[in-house]
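Report on one structure; see the data block that follows.
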Amino acid sequence: MTFPTYQPVGDQGVLVSYEEKIDPAINERVRVLSEVISEQNFPWLEETVFSYRSALIIYHPRKIHFPQVVEAIITIERGLTPAPFSLPDIYEIPTVYGGPYGPDLERVSEVTSLSLREVIDLYSSTTFTIYFLGFLCAQPYLGGLPEKLQVPRLDNPRLHMPAGSVGIGGIQASLLTIDQPSGHNFIGRTFLSLYDPRKMPPSPLKAGDRVVFKPISEEEIPKIKGKDPMSKKKVDP
Amino acid sequence: MTKGFRIIHPGILTTYQDLGRHGFRRFGIPLSGAMDALALRAANLLVGNKETEVGLEVTLMGLKMVALSPMLIAVTGGDLNLTINSEYQPPWKNYRLKLGDILHFRRRKFGLRAYLAVRGGFKAPAFMGSASVFQRGLMGNPLGEGEPLEIGTAEQRSIPEFEIPQDHLPNLSDQNLLRVIMGPQEERFTEEGILHFLNGSYRIKSQSDRMAYRLEGPKINHRGKADIISEPLMPGAIQVPNDGAPIILMADGQVTGGYAKIANVIRADIPVLAQKIPGEEIQFEAVDLARAYEAQEQQEQFLLRLGNSLSFS
């Protein structure tokens, strides 16, 4: 098969898909494609959304039909140049690990045969990349989880996990922006504000940014509670 | 700003809705908005509003409120046995209310969601350009008891009394067939699974809400795994998890998802689904894009005619 492919999504969408894998270069391409299309001010464009390897282009069917949308995307896709290199924002997310904040830390330790300390050290020394914001309410999809820390999801998802929970679900790392049910293994929690619908954008985090979950003690929670994540520094080229 | 209504009883679920938040799905924010957008658009036109004005979405039963000033309202969508001062009033028409009139949506007779528009529109808190309540996303709450509802001021233009005849409505009230565009992961299902999907009858399960309708019926089997790499999706998407039972995403549905999708319900038929209640059965019919566009165009023409009749009569 030649990529990308172009498929109808109902009668209002075109799904542009690249190779079926989670890969930073492919993700970068769908992000740039999505952004460039959004910048064109096409009168027929409703909006664009992208994830790991695909972009959804939503159009107004009264103004254009599927074949012409595909034609317009192909022209842009072929002319796509890599985004000018920019230093990603890196966020340190202060995280309280274990205890009531990380109910699955022991399970992760057992499955991985690492000590509690080793799980925390490895997780907190990993720099994760945000592939995109999705699901509900600016949920970041994080890549870069070390293989040693990959732990299958729980058989019975918990019905309620609080916003700020930090964890592991299979090959993905997770950071919850709102309270929700989840089957991930949660090992810690941050108390920063990660989602505020009164702000634009509703989350300061964005695709391409990096995050590190820096361990803090329980006593430090009041200092960070409700604050916005701060991009601490830029990564050296 | 004028006083509109005071809520005597908020009902099971009554929310402010407009046509949703557009342009924020890249932040993972669902579209939201009226589940039956056609009905809300028509209700707004019936009171001389723009189609995009904020209305009330009344679910199933129970909303009771009193008018705090004279005003023009319209009710469309499902028939929830609305009474005004104890007298039954059918949907799809406008009414002039007097101060003190009592509206009561007693119990569903037909459909599930009624829409109430008021001339001037409701004044409701907006998030990202829309007043559509999306509670999980911390954007508003369902109406509560005693809550005062305020309405905006409208331009001076007289709107005639108007009722849309049943046979002019674009969707048949007994329609159980939902038209779909197959894909984008049709190839991930067995031939038998696809046959089941297109020939079977699916019952709406009780765990259905503004986010998604869950269905049960003939199993839709995958060739391999149900999981795909998470990708963007939109209302109308028919996801099929491992158990082979389809889930149709609705207005508050997530913007990205990791289950294979066998098809998408066409936009024109989403209002039909929005009026179905748990226990009812639906079937699917695969159509091509030309038919989907045509079905949507018919609804647009219906709304255009409605708008024109109200401007010139």
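Heads up: the protein sequence lines correspond to chains B and G, in order. Letter 132 of the first sequence, counting from 1, is numbered 146 in this note's numbering, and no numbers are missing. Letter 70 of the second sequence, counting from 1, is numbered 71 in this note's numbering, and no numbers are missing. Glycine residues also receive a C-beta, built at the ideal position from the N, C-alpha and C atoms.
- What's the C-alpha gap between isoleucine 283 of chain G and alanine 68 of chain G? When rounded, the distance between both Cα atoms is 38 Å.
- Task: Under 8 Å Cβ to Cβ from alanine 293 of chain G, same chain only, skipping five residues before and after it: list those, please.
- Result: Contacts found: Arg180, Ile182, Ile267, Arg268, Ala269.
- With a CB to CB cut of under 7 Å and the five nearest residues on each side skipped, what residues in its chain are close to proline 154 of chain B? Sequence-distant Cβ neighbours of proline 154 of chain B in its own chain, meaning closer than 7 Å and more than five residues away, are Ile144, Leu147, Leu189, Leu219.
- What residues in its chain sit with their C-beta under 8 Å from that of glutamate 146 of chain G, if we drop five residues either side in the sequence? The beta carbon of glutamate 146 of chain G sits closer than 8 Å to the beta carbons of Ile8, Ile9, His10, Pro11 from its chain, once the five residues preceding and following it are set aside; these are given in chain order.
- Could you say which of B/Asp25, B/Phe205, B/Glu233 lies nearest to tyrosine 73 of chain B if we only look at CA atoms? Comparing Cα-Cα distances from tyrosine 73 of chain B to each of B/Asp25, B/Phe205, B/Glu233, the minimum goes to B/Asp25.
- Message: Does any residue of chain G have a CB that is nearer than 8 Å to the CB of proline 38 of chain B?
- Response: At a cut-off of 8 Å between beta carbons, proline 38 of chain B makes no contact with chain G.
- Item | Extent of the continuous alpha helix (DSSP H) run through serine 179 of chain B | No alpha helix (DSSP H) contains serine 179 of chain B, which is instead part of the beta strand (DSSP E) from 179-183.
- Message: Quick check on glycine 24 of chain G - is its C-beta less than 8 Å from some C-beta in chain B?
- Response: Taking CB atoms only, glycine 24 of chain G has a neighbour in chain B less than 8 Å away.
- Message: For a cutoff of 8 Å on Cβ pairs, would you count proline 75 of chain B as touching chain A?
- Response: Of the protein chains in this structure, namely B and G, none is chain A.
- Query: Grouping DSSP H, G and I as helix and E and B as strand, with all else coil, what is asparagine 50 of chain G?
  - Reply: Note: asparagine 50 of chain G maps to coil in three-state DSSP.
- Message: Among the candidates G/Asp80, G/Val241, G/Gly201, whose CA atom is the shortest distance from the CA of glutamate 188 of chain G?
- Response: Among G/Asp80, G/Val241, G/Gly201, the Cα nearest to that of glutamate 188 of chain G is on G/Val241.
- Message: Which same chain residues end up closer than 6 Å to glutamine 208 of chain G when comparing Cβ atoms and leaving out the 5 residues on each side of it in sequence?
- Response: Arg215, listed in sequence order.
- Which residues, taken in chain order from the segment 177-208 of chain G, show a beta carbon closer than 7 Å to some beta carbon of chain B? Of all residues in the segment 177-208 of chain G, Ile182, Gly184, Pro185 have a Cβ within less than 7 Å of some Cβ in chain B.
- Contiguous beta strand (DSSP E) assignments of at least 3 residues, all confined to the segment 33-90 of chain B: Look at the segment 33-90 of chain B and you find these whole runs of beta strand (DSSP E), each 3 residues long or longer: 59-64, 68-73.
- chain B contact for asparagine 265 of chain G (CB, 8 Å cutoff): Yes, asparagine 265 of chain G lies at the interface with chain B (some Cβ there is under 8 Å from its Cβ).
- Rounded distance between the beta-carbons of tyrosine 66 of chain B and aspartate 223 of chain B, thought under 8 Å: With 8 Å as the limit, aspartate 223 of chain B and tyrosine 66 of chain B do not qualify as a contact, their Cβ atoms being about 16 Å apart.
- Query: Which bits of chain B does glutamate 301 of chain G rub up against, with CB to CB less than 7 Å?
  - Reply: Counting only Cβ-Cβ distances below 7 Å, glutamate 301 of chain G has contacts in chain B at Arg76, in chain order.
- Task: State the DSSP-derived secondary structure class of threonine 126 of chain B, mapped to helix, strand or coil.
- Result: Correct three-state label for threonine 126 of chain B: helix.
- Query: With DSSP run on the structure shown, which of helix, strand or coil describes isoleucine 229 of chain G?
  - Reply: Three-state result, isoleucine 229 of chain G: strand.
- Query: Taking contact to mean at least 3 C-beta pairs separated by less than 8 Å, is the segment 201-213 of chain B in contact with the segment 233-245 of chain B?
  - Reply: In short, these stretches touch, since the Cβ pair count reaches three.
- Task: Please determine, among G/Gly78, G/Leu117, G/Met140, G/Phe28, the residue with the shortest C-alpha to C-alpha distance to serine 217 of chain B.
- Result: When each option's Cα is compared against that of serine 217 of chain B, the closest is G/Phe28.
- Message: Cβ closer than 7 Å: which chain B residues qualify as neighbours of glycine 29 of chain G?
- Response: Those within 7 Å of glycine 29 of chain G in chain B are Leu147, Gly148, Phe149, Leu150, Cys151, Ala152, Gln153.
- Item | Under 9 Å by beta carbon: chain B residues contacting glutamate 52 of chain G | Correct list: empty, because the minimum Cβ distance to chain B is about 14 Å.
- Item | Boundaries of the alpha helix (DSSP H) in which asparagine 95 of chain G is found, first to last residue | Premise fails: asparagine 95 of chain G lies in the beta strand (DSSP E), 94-98, not in any alpha helix (DSSP H).
- Whose C-beta lies closer than 8 Å to the C-beta of asparagine 170 of chain B among residues of the same chain, with five residues either side of it excluded? Excluding sequence neighbours, asparagine 170 of chain B sits near Gly197.
- Residues near leucine 290 of chain G in its chain [Cβ-Cβ closer than 7 Å; skip 5 each side]: Excluding residues up to 5 positions away in sequence, Ile182 lie with their Cβ nearer than 7 Å to the Cβ of leucine 290 of chain G in the same chain.
- Query: Does DSSP put phenylalanine 28 of chain G in a helix, in a strand, or in coil?
  - Reply: In the three-state reduction of the DSSP assignment, phenylalanine 28 of chain G falls in the helix class, which pools H, G and I.
- So who's on the other strand from tyrosine 260 of chain G, going by DSSP bridges? BP columns for tyrosine 260 of chain G point to G/Asp228.
- Task: Identify, in the order they occur along the chain, each residue of the same chain with its Cβ nearer than 8 Å to the Cβ of isoleucine 248 of chain G, setting aside the five sequence neighbours on each side.
- Result: The answer, listed in chain order, is Ala213, Tyr214, Arg215, Leu216, Ile239, Gln240, Val241, Pro242, Tyr260.
- Item | Contact list for arginine 268 of chain G against chain B, beta-carbon separation under 9 Å | For a Cβ distance threshold of 9 Å, residue set Gly24, Asp25, Gln26, Pro75 of chain B lies close to arginine 268 of chain G, ordered along the chain.
- Task: Tell me where the beta strand (DSSP E) around proline 171 of chain G begins and ends.
- Result: Under the DSSP assignment, proline 171 of chain G falls outside any beta strand (DSSP E); it carries neither an H nor an E label.
- Query: Under the three-state reduction of DSSP, which class applies to isoleucine 221 of chain G: helix, strand or coil?
  - Reply: If DSSP states are grouped into helix, strand and coil, isoleucine 221 of chain G belongs with coil.
- Task: Note down, in chain order, all residues in the segment 123-145 of chain G with a beta-carbon under 8 Å from any beta-carbon belonging to chain B.
- Result: When C-beta distances to chain B are compared with 8 Å, the residues of the segment 123-145 of chain G below that value are Phe128, Met129, Arg137, Gly138, Leu139, Met140, in chain order.
- Leaving aside the five residues before and after alanine 132 of chain G along the sequence, list all residues of the same chain whose C-beta is less than 6 Å from its C-beta, in chain order. Within the same chain, and ignoring the five residues on either side of alanine 132 of chain G in sequence, the residues whose Cβ sits closer than 6 Å to its Cβ are Tyr17, Asp19, Val55, Ala125.
- Query: Would glycine 258 of chain G pass as a contact of isoleucine 221 of chain G if the rule is Cβ separation under 8 Å?
  - Reply: Contact flag unset, no.
- Counting only runs of 3+ residues fully inside the segment 144-170 of chain B, write out the beta strand (DSSP E) ranges in chain order. Fully enclosed beta strand (DSSP E) runs of no fewer than 3 residues occupy 153-157 of the segment 144-170 of chain B, in order along the chain.
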